[in-house]
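Right, here's the structure in full:
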């Protein structure tokens, strides 16, 4: 058991009403949460999403540029993500894996697919400034032979640089924007956001 400092948990008697009330309260809260999730998913099913086109020759060329052999799990994840992107409903996919298992490659392929299809923009939200820089370098290196404009915003950039990047994002001149929670600020506006990747 853990609680706020200085707070003592209330103890209930075995067979007493206190424990029964606590269990009933927790059960109601779980039921309310389940109802809310069902409502949310029902609403999502009714909302139309953008259906990305099937892979282009550029997508194949980009994927062929991967310097390593894909694992079976990576191949499955990539195909599942691309299939989801081609459906006319909002995509909601969680990809789990340990460090070094190729999640970034899956994300880059999805981002490339979004950018190539109708000039859709991509936001890549990461938890730390260091990871934002790392992803920026990886995305730039991986997409260097393709006309994809990638920018990053973080505390490593001056206010003037960030202002210019955000202006370019609004104008649709940036295809992929990578950053920390700064991407969630009110002054960040995309011209045509097609995919959000949360790392």
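Numbering (the working numbering), first residue to last: 380 to 578. Virtual Cβ for every residue (Gly too), placed ideally from N, Cα, C.
Sequence-distant residues of its chain with Cβ nearer than 8 angstroms to residue i (five each side left out)
i: residue 466; result: 428, 430
i: residue 472; result: 459, 460, 463
i: residue 570; result: 500, 548, 549, 550, 551
i: residue 517; result: 483, 487
i: residue 453; result: 480, 481, 484, 485
Bridge partner(s) assigned by DSSP for residue i
i: residue 574; result: 501
i: residue 556; result: 502, 530
N- and C-terminal bounds of the beta strand (DSSP E) containing residue i
i: residue 530; result: 529 to 532
With 16 other Cβ atoms within 10 Å as the buried cut-off, status of residue i
i: residue 420; result: exposed
i: residue 573; result: buried
i: residue 447; result: exposed
For residue i, the three-state DSSP class (helix, strand or coil)
i: residue 390; result: coil
i: residue 409; result: helix
Same chain, Cβ closer than 7 angstroms to residue i, neighbours up to 5 away in sequence not counted
i: residue 426; result: 469
i: residue 564; result: none
First through last residue of the alpha helix (DSSP H) which encompasses residue i
i: residue 478; result: That residue, residue 478, is in no alpha helix (DSSP H); it is neither H nor E in DSSP.
i: residue 567; result: Counting along the chain, residue 567 falls outside any alpha helix (DSSP H), and DSSP gives it neither H nor E.
i: residue 445; result: Element bounds for residue 445: n/a, residue is neither H nor E.
Cutoff 6 angstroms; reference residue i; Cβ partners in own chain excluding five residues on either side
i: residue 556; result: 502, 530, 548
i: residue 432; result: 496
i: residue 527; result: 494, 554
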